Structure formats: structure tokens, C-alpha cells
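J.: Quick mapping for you: the protein sequence lines, in order, are chains A and B. Going by this note's numbering, the first residue of the first sequence is number 1, and it counts up by one from there. Going by this note's numbering, the first residue of the second sequence is number 1, and it counts up by one from there.
2 protein chains.
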Amino acid sequence: MFSKACEYGIKASIYIALNSYDGNRVSLKEIAKEIDSPEAFTAKILQALVRDKIINSVKGAYGGFEIPKEAIASIKLSQIVNSIDGDSIYHGCGLGLNVCDENHPCPVHDQFKTIRNELKIMLESTNLEQMALDIKSGASFLKI
Amino acid sequence: MFSKACEYGIKASIYIALNSYDGNRVSLKEIAKEIDSPEAFTAKILQALVRDKIINSVKGAYGGFEIPKEAIASIKLSQIVNSIDGDSIYHGCGLGLNVCDENHPCPVHDQFKTIRNELKIMLESTNLEQMALDIKSGASFLKI
DNA sequence: ATTATTTCGGATAAATTTATCCTATTTAGA
DNA sequence: TCTAAATAGGATAAATTTATCCGAAATAAT
Chain A
1 MFSKACEYGI
11 KASIYIALNS
21 YDGNRVSLKE
31 IAKEIDSPEA
41 FTAKILQALV
51 RDKIINSVKG
61 AYGGFEIPKE
71 AIASIKLSQI
81 VNSIDGDSIY
91 HGCGLGLNVC
101 DENHPCPVHD
111 QFKTIRNELK
121 IMLESTNLEQ
131 MALDIKSGAS
141 FLKI
Chain B
1 MFSKACEYGI
11 KASIYIALNS
21 YDGNRVSLKE
31 IAKEIDSPEA
41 FTAKILQALV
51 RDKIINSVKG
61 AYGGFEIPKE
71 AIASIKLSQI
81 VNSIDGDSIY
91 HGCGLGLNVC
101 DENHPCPVHD
111 QFKTIRNELK
121 IMLESTNLEQ
131 MALDIKSGAS
141 FLKI
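1) By Cβ distance below 6 Å, which residues in the same chain neighbour A17 of chain A in space, the five residues on each side in sequence not counted?
2) What is the rounded straight-line gap between the Cα of G63 of chain A and the Cα of S27 of chain A?
3) Just the Cα atoms here: how many angstroms apart are G23 of chain B and M1 of chain B?
4) According to a CB-to-CB cut-off of less than 9 Å, which residues of the segment 131-144 of chain A neighbour chain B?
5) Return yes when at least one heavy atom of the ligand ADP lies under 6 Å from the C-beta of G63 of chain B, else no.
6) First and last residue of the beta strand (DSSP E) that includes N56 of chain B?
7) At least one CB of chain A closer than 7 Å to the CB of K11 of chain B: is that the case?
8) Distance, Cα to Cα, K29 of chain A vs F65 of chain B?
9) Assuming S9 of chain B and I84 of chain B are in contact, meaning their beta carbons sit under 8 Å apart, how far apart are those beta carbons, in whole angstroms?
10) Does any C-beta atom of chain B lie closer than 7 Å to the C-beta of G86 of chain A?
11) Along the chain, where does the alpha helix (DSSP H) containing F41 of chain B start, and where does it finish?
12) Give the DSSP-derived three-state secondary structure of F112 of chain B in the structure shown.
13) To test your reading of the DSSP string, which unbroken alpha helix (DSSP H) runs of 4 or more residues are found completely within the segment 64-129 of chain A?
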């Protein structure tokens, strides 16, 4: 469904949020270890999230990644996905047609529209806070 | 959502079904032209569908691909997708965890379960006949 | 039989995604 | 000021997906 990059991006964001609640800035090294992702690749992904101002980075000793506490609840899963995978998940045709709309639909246009809309609603109604709290309470997990 | 291979496979199957209703066997060349796909790559995909007995092939002059008329209505979109992309779309974790189930869910497990179930229902309730008839009536299109 | 046509299947290449490496830059603290 | 720790970012490599090429095998028609 999502690219590997996007999966890492989501998990990393959750881990950063989790620690930001405690006022802890976390390093790339720690993040990669805790979400079980390749370090250098994760770095690229975090760079993208920083560029899109979804997370914050601090260079140098004692630096790392963080998210302002107040912002965590307002960051939607959709923003993270969009930052990394773009918005093709919303607009692209299920069968890869260059043009696919109501006037010129592909054979699965209507069916896909429904599914994609559900996906959109899901991504837009899930935020970082919910996900971070589930990890904190042990209701969900970031690895294995 | 689907791989390129899967997109081509679905479109090719529809085109073959469409022609099989008229008793016409169609060649790889014609298929690739009509669904606007790379010929040699499409050949590989059709081979997979033949192996899984979703479509039928006849070698040699006047050969080509076909689907027995009686079978068309019973071929589900899910079978085509499964033949080419496998069943990861059903089982895989949304965040790529190796283990992700009710006892050890990833942070988006429940949300994804819902979407994936909708997708599953959609793929299993859409069949080749419906799609072929929509193309025939001009209600949907295979290219552009 | 020969030929033309067509799928099959192995080898290979191109493109994209995923992953690694290395150097530059920034920053806190000694 | 120097050093250690950390992110930034460019270059490159590995893996996967997508795409092409070509000879082999099958088959219908001549």
C-alpha cells in the first residue's frame, strides 16, 4: 500500500512524537534502532519530513529530532504520507490510465473511488497523538 | 495500489474477455496495442495468467489468448490480482512489521484492517464479465 | 515439407526504489 | 579554540520492478 520509505517515515514520526511528550529529543541512531530501519535511509526520509515542517531537527551535539508538544495532535497521518509518497494515492487511476475521471473512467473507477475515499478519510482522521498514545500504553508496537 | 504488472494484467484480461464473447482469439500484439502496454512485458504477465489457468493460450499461427465464454463471469478481479501481485494486499502489515496481528498490532492495524477488508470485498465482488460489458457499452475505457 | 505466425522462456537491460558511504556543517561542552 | 556528536546532503551501490531482445517450440496454411 505504502512505500517502504513511507512506512519508516510513519514509524519514525510516532517514535519522535512519543519522546517529544517527555521533552526528549531523539537521534537518528536511536530512531533507526527503535523502529528497526536502515539508518542512512531513514535519515533521508527524516530530511523530507523536516523540509515539510512535520518534524523539527537540531544539528550538532545533543541535537536530534523532535516535534513541538502542541503540534503532535494536529499532525495527521495523511500529512506524513503526502510528504513522502505524494498524493498519487488520492488521484492516480487504479489501472494506471493517464486520464481517468467520471467522463472517461477505467473499468474499476467507481469501485476504486469508494476504497480510496475510505482510505483518505482514514488517513485524515488518524493523528500522531493517537498513534503515540497507543504505543505508550502498549496497545500497539513499532517493531517485530 | 497495484503494481504496473497487475494493471496490465487486469486490462489485458478484460480485453481478452471482451473478444472471447465474440469468439475471437486475440494476439499479444493486439492486446498490447489496445491496452497501451509494452508488448514483451505484457507477454510475461499473460504467461503467469495462463499458468494460473485464468486465461487460455494457443500457440502457433492463428493462435492467441482467449477465455472460455462460460468462465468469464466466474473470474473475479481478486483472482487476477492474486495471480500477479500475490496476496500481500490482504495479509501484509500497513507499516511493514513482520508480525502484525490482534495480539501485536502496528499503530495503524485496526484502521488498515477496515480498508483492506473493503478492498477485499471489492476485488471479490467484481468479475471479468461486468468489466468487459462496461467496456463494450462504452461506459468505461481501457486506455488514454 | 516449408513457411509464416504466434506463444514460451531465458537472458539481459533500463528505471526505480531502497540502502550505504563519506564529507561538510552545525553545535554543545570541555 | 578544540573536540565530539549530530544532522545535511551528494555520490554511489544493491535490490526490485519494469521493460526489451532473441531463439525455441508449436501450429495452421500453403
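Yeah, the Cβ is synthetic: ideal placement off N, Cα and C, and Gly gets one too. This one's a predicted model, so the numbers in the text were calculated from it and none came from an experiment.
T.: In terms of the structure at hand:
1) I67, I72, L128, A132
2) 7 Å
3) 33 Å
4) M131, A132, D134, I135, A139, S140, F141, L142, K143, I144
5) The ligand content of the structure shown is nil, which means the ligand ADP is not present either.
6) 56-58
7) yes
8) 54 Å
9) The displayed chain sequence assigns Gly, not Ser, to residue 9 of chain B. 5 Å between Cβ atoms; contact.
10) no
11) 39-51
12) helix
13) 69-72, 77-85, 88-91, 109-125
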